[in-house]
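All remarks here apply to the structure that follows.
Residue numbers (my numbering): -2 to 233.
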C-alpha cells in the first residue's frame, strides 16, 4: 500500500493524481448535491468564432449543472468562421471536446492519461526521475486518441438527451424574471419557476428593447438554433 501511494503521489504522477481526485469530487458534488454555482464574472470563450450572440451571458449568471454540460457545437466553430481554424481548435473538434460536454470529455482524457502514465512509470521505475516526466508528456497523445475512440459513441446519446434526462419543458407563454439586463443582441439569464422548481434559461429581447435586471418578462418563442428564448416585457 505504501509503495502504491509512493507511485501515485510521486514527483511525476502527483499532478495528474490530484487533478483526477478533484474531477472525481466535482462529479460527485454535481450528481448528488445539485449545488448551484454562480461565479460572479463574465464568461468569454475566445475561439475567434462569431458565437458571442449565441453564448454570451451578461452578468455571468450560470449554474453548476450548466458548467458541467457546457458544449460548443461543431457547426458554431466551423460554420460561422471567416478565418481558418487554428491548430488547437482543430484538436478540440477532432478529439471530441467539441460536440460533447467539455467536462465529460476532459474527465475521460485526464483519467486515461493518468492511467497510462502511472502504469508505465511504475513498470519502468521512472516515477521519481526526469525520464518519468518525458513519459508523462508523451502519454498525453495516446490518451487523446483513446479518449476519442471511447467518447465517440456518446455523441448520438448526448445529442438526443435532454439536459435533465427527462421530458423537455415547454417554456413558451410562461412568465420569468430577468437575472441580468438585456438589450438588442445582448443575451442574459432568466429564472422560470415551474412546479416549485427554479430553472434558468438564456434569453434575448424579442424586439431589441432594453429590459433591466429583475424585470418580469414573458417567453414568446424559441430561437431557430434552440439555444435561447425571445422575450418581452410582462406587466401583471
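C-beta atoms are modelled at their ideal positions from N, C-alpha and C, and glycine is treated no differently.
- DSSP places residue 195 inside the beta strand (DSSP E), whose first and last residues are 194 to 202.
- Each of 18, 151, 181 was checked against the Cα of residue 95, and the nearest Cα belongs to 151.
- For residue 227, the uninterrupted beta strand (DSSP E) segment begins and ends at 226 to 230.
- The C-beta of residue 122 has fewer than 16 other C-beta atoms within 10 Å across all chains shown, which makes the residue exposed.
- Among the bridge pairs identified by DSSP, residue 172 is matched with 215.
- Out of 168, 118, 21, 215, the CA that lies nearest to the CA of residue 191 is found in 168.
- Taking 7 angstroms as the cut-off, the beta carbon of residue 10 is found closer than this to the beta carbon of residue 115.
- Residue 118 sits buried, since 16 or more C-beta atoms from the chains shown fall within 10 Å of its C-beta.
- Non-local C-beta neighbours of residue 102 in its own chain, meaning closer than 8 angstroms and more than five positions away in sequence, comprise 92, 93, 94, 144, 148, ordered along the chain.
- Per DSSP, the continuous alpha helix (DSSP H) segment holding residue 129 begins and ends at 127 to 148.
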